[in-house]
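Residue numbers (our numbering): 391 to 607. Cβ coordinates follow ideal geometry from the N, Cα and C atoms, glycine included. Since we're looking at a predicted model, the values are computed, not measured. Report on the following structure.
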Amino acid sequence: MAESTWLQTAAASLLTAALTLAGTSCQQAHLDERADREKFLDGAQVTAQETSRLLDEGYNALAQLLKGMDQKGWREFSKGPADDYMEFHRRWRQQLIAQHFKLSRYYGKDMANDLIHIDEIDRHPVDNLQSPNPCTPAGSENDFDIAKLALQTECYARFATLQQDIINDKIKEKNTDDLFDTMGSQRDTVQTAWKLIEHYDKSSVSFLRRLNAKFTQ
């Protein structure tokens, strides 16, 4: 009888230990899952903050570029504001590429592509200024992104200063042929560049709002 009681007690103890172990394992799994979730959310938040900083830096650099084109021809513009911007842009583009992979991880590839299409980074649609539409970005309208918008803005700034060179040469040579048409066209190009930077600003705000909406889901 004593032996039977001892076996029952031992069995009960083993069952209790097993249940305790199972409960502890389950609790630990929930804690690990919660820790992973919090780590993921922290990474997503940091990524959003980094993206906001990059977009802000891009806007400031473009604004500085457009201010620098004021009544300047390409000869003068290329040795100052344009050169400074291109140096910035090389570094900035590399940061956008790295950010694309972070955004893909935390927010999905579609959101990352709205920042930059890394499969199109070697395509330069704005190099041929003799084209009827030299500043049209690569890809379809559905492939438009903020990085392309920055390139398009820079292109119009460059184009405006080339037109200013033509105006300056005509004035210097006292050649009035098509002078006023060229001046009107150059003015339109400048206005387009400023409209594009406004579009960049609005697109950046919209992009960050969508990041926040995904983060809070």
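Item	Value
With ARG481 and ALA537 assumed to form a contact (beta carbons below 8 angstroms), what rounded beta-carbon distance in angstroms separates them?	So it is not a contact: roughly 13 angstroms between Cβ atoms.
With distances taken from CA atoms, which of GLU588, ILE556, ALA550 and PHE534 is nearest ALA502?	PHE534
Between which two residues does the alpha helix (DSSP H) containing PRO471 stretch?	471-497
With a 10 Å radius around its C-beta and 16 neighbouring C-beta atoms as the bar for buried, classify ASP504 as buried or exposed.	buried
Assuming contact is defined by CB atoms lying nearer than 9 angstroms, are GLN554 and GLN581 in contact in what I supplied?	no
Mind the definition here: the stretch 454-463 touches the stretch 490-502 only if three or more C-beta pairs lie below 8 angstroms; say whether that holds.	no
Going straight from the alpha carbon of LYS560 to that of THR551, what length do you get?	14 angstroms
Looking at ALA453: is its Cβ nearer than 9 angstroms to the Cβ of ILE587?	yes
Let me check understanding here. Comparing Cα to Cα, which of CYS545, GLU428, GLU544 and GLU510 lies closest to ALA528?	GLU510
Say whether the stretch 560-572 touches the stretch 538-547, bearing in mind that this needs 3 or more beta-carbon pairs closer than 8 angstroms, one atom from each stretch.	no
Fully enclosed by the stretch 420-454, which beta strand (DSSP E) runs are 3 residues long or longer?	none
Helix, strand or coil, according to DSSP, for SER594 in the structure here?	helix
TYR449 and TYR590: beta carbons closer than 9 angstroms?	yes
Buried or exposed: THR579, going by 16 or more other Cβ atoms within 10 Å of its Cβ?	buried
Rounded to the nearest angstrom, what separates ASP473 and PHE605 at their Cα positions?	38 angstroms
DSSP on ASN503, reduced to helix/strand/coil?	helix
Which two residues bound the contiguous alpha helix (DSSP H) that contains ASP555?	536-562
Buried or exposed: where does ALA583 fall if 16 or more other Cβ atoms within 10 Å of its Cβ makes it buried?	buried
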